[in-house]
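Working notes, structure below.
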Amino acid sequence: MAIECLVLGAGQEVGKSCVVATIAGKRVMFDCGMHMGYHDRRHYPDFARALAAWGALDFTSALSCVVITHFHLDHIGALPYFTEVCGYHGPIYMTYPTKALAPFMLEDYRKVTMDQRGEAEQYSYEDILRCMKKVIPLDLKQTVQVDKDLVIRAYYAGHVLGAAMIYAKAGDAAMVYTGDYNMTPDRHLGAAQIDRLKLDLLITESTYAKTIRDSKHAREREFLKAVHKCVSGGGKVLIPTFALGRAQELCMLLDDYWERMNLKIPIYFSAGLTIQANMYYKMLIGWTSQKIKDSHAVHNSFDFKHVCHFERSFINNPGPCVLFATPGMISGGFSLEAFKKWAPSEKNLITLPGYCVAGTVGHKLMSGKTTKIVLDKDTHIDVRCQIHQLAFSPHTDSKGIMDLTEFLSPKHVILVHGEKPQMAFLKERIESELGMPCFYPANNESVSIPTTHTLKMSTTERFITSCAAEQGKQSLRKRNLIHGTGASEVNGSDEAAAEGVLVMEKHKAPKILCEDELLQVLGMERHLVQFEAMGSSRIEAAVEWELKRAEAADLGSEENE
Amino acid sequence: MCRDSARSTRKSRLEPNSLTRSTRHATPRAAFAPKEAPTDASPLAASEHAAALRAEAAMKLTCLSTSGGGGSYHSPASHVLELEGLRFLLDCPIDLSALAVFSPVPLTGDAGGLIRAVPRYWSPAAAAAAREGGVDAVLVSSATGMLGLPFLTRLPGFVNTKIYVTEVAARIGKLMMRELVEMHRAFVRYYGPDTDGLPKWMEGDKLNGLASMLQKLVTEDEGKDLTSLMPLYSPGNIEECMQKIQPVKYGEEVCFNGIFMLKASSSGLELGNSVWTIKGPRASITYLPSSVFVSAHALDFDYSSLKENDVILFSDLSSLNDMDEDNEKLDEHAMNETDSSLCHHSVLRDDGADADETITFLCNNDDITEEIERISFICSCIIDAIKSGGSVLIPIGRLGAILLLLELISETLHSSSIKVPIFMISETAEEIIAFTNALPEWLCKSRQEKLFSGEALFGHMELLKEGKLFLFPHLHSKGLLAAWKEPCIVLCPHWSLRLGPAVHLLRRWHADKRCLLVLEQGNDAELSLKPFMPLAIQVLECSFLSGVRVAKIDSLLGVLNPKFVMLPEGLKSRCSVKKRPWSFLYYTKGKTIELPNLREDFEVHLAHNVALGLQPRQLNETTAVARLRTDLLVSSGQYQLAAAEKQSDRSKRHLLHWGAVDPDRLLPALQEKGMLCSFAADDNCAGERSVLITSPVDALVKITSDRTVIYCDDEGTSKHIYDALCSVCNGI
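Heads up: the protein sequence lines correspond to chains A and B, in order. The letter at position 318 of the first sequence is residue 318 when you use our numbering, and the numbering goes up by one with no holes. The letter at position 315 of the second sequence is residue 876 when you use our numbering, and the numbering goes up by one with no holes.
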């Protein structure tokens, strides 16, 4: 028995997350993302190659299901291609918010790539809608029986609204694929939460395999200070983000700050879709942090007071403003347009997300003092504006990864979604500090994980009772375990050294019995064997007494049973 | 009564002298002997695993209550289920029927002989059960099914109890409790706080007088008397109760006590309502409270998750409520149904097409269409009243009905271009309205689609935005007067007409024949309206779909394919027992029924590495045995045998011997070990034979038919003797 794990994307890189795990014969695809840094065939995971390797005729028969962890394009971007072009028709699972919000992300990006590069479209808007129609929504902790043997379950991952870690179990083999997660709560989302599961394999992201971040509060303050300084100097602030997730978080931060500081400078969203997305956020408030959930009856945190109506021409207006524009890494679209306009002025400010994929403008800006961006041979942009790098990221840091791994204590760990040198560092730590074998395969490599398995057999009530009674004597802890709270109870295990006899009869299922039950089955009487001191044999009376006592003890023990 | 009146809404104007026409709703109110105490009352400590298993192993069910006023929606049945020695309380509603004999405040005129005091409430039947045997866990199927729990929170038998309920039902339930306590406070403000002692009206002569006058109205069965009424719980009790709650999602598997897996699935009746699956080590049980196959607001009844469970506790008593009224009609119907479905069932389980047909029958849209028709009819009555210049008072306590009504009323108002304000006046209105638009996971598929296409989940969001719907916590809230305009439509608590804004508004409008009061059937309207006499207001009594139709029960059971079905006695005549693969057991209130163990054996999972390490011993041609030393783990309802941490060195030695030892074979075996030995001379008495060993040390082995005693002072030698003995004796 083994879990066969084929990494189709995000192997030793960030982008196009896609892992196919074969668990006890059930093939599950986790995520189906695109790579934003490439515009050739490396854009998507190499599905055809995988299909050939499996020796299957089509994807529908090869896979039991596809599970998407969250709506970021590097996790879902290839899904419409996979279903509508590659022809996968099997079940697709994602959480309610992901299903609701993914079409925005996909359509936003499809438009951007079409407008900017005039690329031949990989899939159409209709494809996105058709694809999303097939999606089965998941609620957190809901145990979903995909088929007779395969079970999946989503846990809260924090990363973005609706992000989930996925537990999958088939036969005796179980694993968790984390997707992206955050171990510390942020302004609108809670921290990742999972039960203490018994796992053969954990596949975790490792974006920040080596980084340990300090207080988020300080970073937020830095960001607000930078923005405030810029707008009070009459400058414009460009915040390139994707429509969902970071946009809402930063906007909550700014809206709150504007309120407190009584600022009147307009905040704009470049795309109507972000405003529309806020509407979704209001309905999906159950997936946000506890604080927002508790207060939403009074004031829904996604009703932003300082956000103003926006039109495209506004980027030429004089005077300070704050603009949220898509896409996040300035790889095209309106954020690039605004960047071209605003970058040459040193009064302006551009914030960059914590992570930019190689090949994007954002990535170029991040890598040190860039003064000139060459888009193509005709377009050169002088960069004189200030650049503020957002240091808070919705990804867990190295400590968080270690904490989660230790908490789950899987038998094996696979790292994906990270950069190779950092992954190598983290692998060492996991193996040396936690003693778990750890792998970080490259794309298109596969890893085989041995799994434990068990044999089902029947036993008698007596056997269970005697084990449990033994355990009762042994451990006072037990009471706590039985009544236990939270996770300890869900996976609470009671230990007892069980003594029994396994009886295997031809043409019958094996069965575990207690000793005296075995005698009954065999139809035999017990033959006692006793040890005595030599001296006692000479005193007949003593022997008699001894025997009587033994008999009494014997009877006594029978009564007890 | 003709069938229509029960099935669809009925409109009648209740003149003072015509009050007798208002039918008393027929709930089964059979007289039962006083509740039997469970014979085997295990203390709470029995929840210890070992003790639990040693206790009574069979399954036991005690039905505590079937309905306590307000019908099956407001007061679902309550049971205690004993499994593997653990006691599960299934639902604990509050019985508000006693409220009817108290006069609402402020008092005006003659209250018709009603008690003028702070109301008291029936103690839930579960309180007695908790006192007697303790409760290990509570499974709650609906918000209304948890309203009685704060009465129990202080009981010693409830200290370690966990309450399992869906997140949404818990939230609505808490709001309902809070609202109830808040409304009750009006009495306290009027009369002063309720004292611990018995109030005056409960003492001696006065009570007797009242009792004789109100006996028939209040006491539903002889087991109850007025003196057992108790004060309402406090906000503190509510908090204590909420702390014990383990909220769950639909489809979430939670483990209780290591050996039970509990899972809630949608029941379709109301937001957050659930059916429960209890998977124990030897049986899986479905707790099936009132369920609706296809709902217009809540997630549909997820019956497919209940398939193949061994036992169904059928606790949907809604069809009992209809029965008196549409008995005959249904009988005919049921007969036809039975005939046709009989032939269905024989092939149901191996023929997919037939199963599909059954499912189509179960999930056809009749129910939802009828429900919408009913609500549309209510709407048309409302519009008529509004057109005539009257206001409309809707003290209906069903969240789903309110949400649908709001949507339909606004549509109807819009299409008939009438502009009247709609008020929702309740302590919890704002919260309810806000959060019903933020729980897409709990809604029916068509409303989930609204999420995916970015529309509001319910129509009331639009109403609020357009300024047609106003939410106020109280009648005296700031701003209410400014917004107030009559005629208007008011949705407010409480359906008992003793509590909440409904009392004040009914006093205001009761004499206006243009106005309309919309009541839910299932309450005694005559008694409810007593303090508001004389009455000119129009009264519309309506009923809503509350559970599985009798005609569908059999098909549902066919799909679920259980081995046993526990059915309320009242449904006995309605469900055919012929040719069904399952057996019926019938329960009645206050009685305990027992179910034998379905499986004698437990299932364990033996770790592969333990299995590989076994040393089997062939006993004969067909049987082999192996001694097993493992750790027993209990996790998520599974028993697992894993490798023991320390392997003892005894593993090679036998511990259990059986059969007889042949001394003639022992002698050569000892000699083979290099010992000098012979049979003792005095070897004759009573079948006892002795072997004397002289070298390496002196030793003696005495053998009888059932016992061998080795006398030896040297440890090494006695071990050798033992080994020799093992080689000639069966053992393991």
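For each residue, glycine too, the CB sits at the ideal point set by N, CA and C.
| query | result |
| --- | --- |
| For B/N998, decide whether its Cβ has a neighbour in chain A, counting only Cβ atoms nearer than 9 Å. | yes |
| Going by the CB atoms, is the gap between B/I873 and B/L1066 shorter than 9 Å? | no |
| Exposed or buried, which one is A/I3 when buried takes at least 16 other CB atoms within 10 Å? | buried |
| Taking contact to mean 3 or more Cβ pairs, one atom from each stretch, closer than 8 Å, check whether the stretch 712 to 729 of chain B and the stretch 743 to 752 of chain B are in contact. | no |
| Output the boundary residues of the alpha helix (DSSP H) element that contains B/I929. | 927 to 948 |
| Taking just the CA atoms, how far does B/G951 sit from B/C1049? | 8 Å |
| Where B/L1058 and B/F663 are concerned, what is the direct C-alpha to C-alpha distance, given to the nearest angstrom? | 10 Å |
| Straight-line CA distance for A/L352 to A/E107? | 23 Å |
| In terms of residue numbering, what span does the beta strand (DSSP E) encompassing A/Y177 cover? | 173 to 177 |
| Which first and last residues belong to the alpha helix (DSSP H) in which A/K229 is found? | 216 to 232 |
| Figure out for me which residue from B/M737, B/L1077, B/Y1148 has the closest Cα to the Cα of B/D945. | B/L1077 |
| Which term fits B/T921, buried or exposed, when burial requires 16 or more other beta carbons within 10 angstroms of its beta carbon? | exposed |
| Just curious, the beta strand (DSSP E) that B/F1125 is in, first and last residue? | 1125 to 1129 |
| Kindly indicate which three-state DSSP category B/W1219 falls into: helix, strand or coil? | strand |
| Would you please state the rounded distance, in angstroms, between the beta carbons of A/L375 and A/L238? I believe it to be under 8 Å. | Incorrect: roughly 16 Å between the Cβ atoms, too far for contact. |
| Any contact between the stretch 859 to 877 of chain B and the stretch 1020 to 1034 of chain B? By contact I mean 3 or more CB pairs, one from each, below 8 Å. | no |
| Mind checking which residues open and close the beta strand (DSSP E) that includes B/C1103? | 1099 to 1103 |
| Taking Cβ positions only, does A/R526 come closer than 9 Å to chain B? | yes |
| Pick helix, strand or coil for A/S17, following the three-state DSSP scheme. | coil |
| Could you name the residues of chain A that B/E988 contacts, counting a contact when the two beta carbons are closer than 7 Å? | Near B/E988 there are no residues of chain A at all, since even the closest Cβ is about 12 Å away, more than 7 Å. |
| At what residues does the beta strand (DSSP E) containing A/P421 begin and finish? | Run containing A/P421: none in the beta strand (DSSP E); it sits in the alpha helix (DSSP H), 420 to 429. |
| Using 8 Å as the Cβ pair cut-off and three pairs as the minimum, do the stretch 330 to 350 of chain A and the stretch 246 to 266 of chain A touch? | no |
| Could you check the C-alpha separation between A/E470 and A/L73 for me, to the nearest Å? | 55 Å |
| Please check if any C-beta of chain A sits within less than 9 Å of the C-beta of B/S1279. | yes |
| Going by C-alpha distance, which of B/R1250, B/A1203, B/N1158 is nearest B/Y1225? | The residue you asked about is not Tyr; residue 1225 of chain B is Asp in the sequence shown. When each option's Cα is compared against that of B/D1225, the closest is B/R1250. |
| Can you tell me which of B/M1236, B/G841, B/I970, B/S626 puts its alpha carbon nearest to the alpha carbon of B/S636? | B/S626 |
| Which chain B residues sit within Cβ distance under 9 Å of A/A533? | Y1272, C1273, D1274 |
| Counting only runs of 3+ residues fully inside the stretch 298 to 380 of chain A, write out the beta strand (DSSP E) ranges in chain order. | 321 to 325, 349 to 352, 372 to 374 |
| Near A/D397, what residues of its chain come up, given a Cβ to Cβ distance below 7 Å and the 5 sequence neighbours on each side ignored? | Y208, T211, I212, R213 |
| Are the C-beta of B/C1076 and some C-beta of chain A separated by less than 9 Å? | no |
| Once DSSP output is grouped into helix, strand and coil, what is the label at B/M620? | strand |
| So, for A/S493: in the same chain, excluding its five sequence neighbours on each side, which residues have a beta-carbon less than 6 Å away from its beta-carbon? | With a pLDDT of 38 at A/S493, under the threshold of 50, the modelled position of this residue cannot be trusted, and the question is left open. |
| Any contact of the stretch 191 to 199 of chain A with the stretch 291 to 310 of chain A, i.e. 3+ C-beta pairs under 8 Å? | no |
| Who are the near neighbours of A/L6 in its chain, counting only those whose CB is closer than 6 Å to its CB and skipping five residues on each side? | V20, S446 |
| According to the Cβ coordinates, are A/Y96 and A/W287 closer than 9 Å? | yes |
| Consult DSSP for B/W837 and reduce its assignment to one of helix, strand or coil. | strand |
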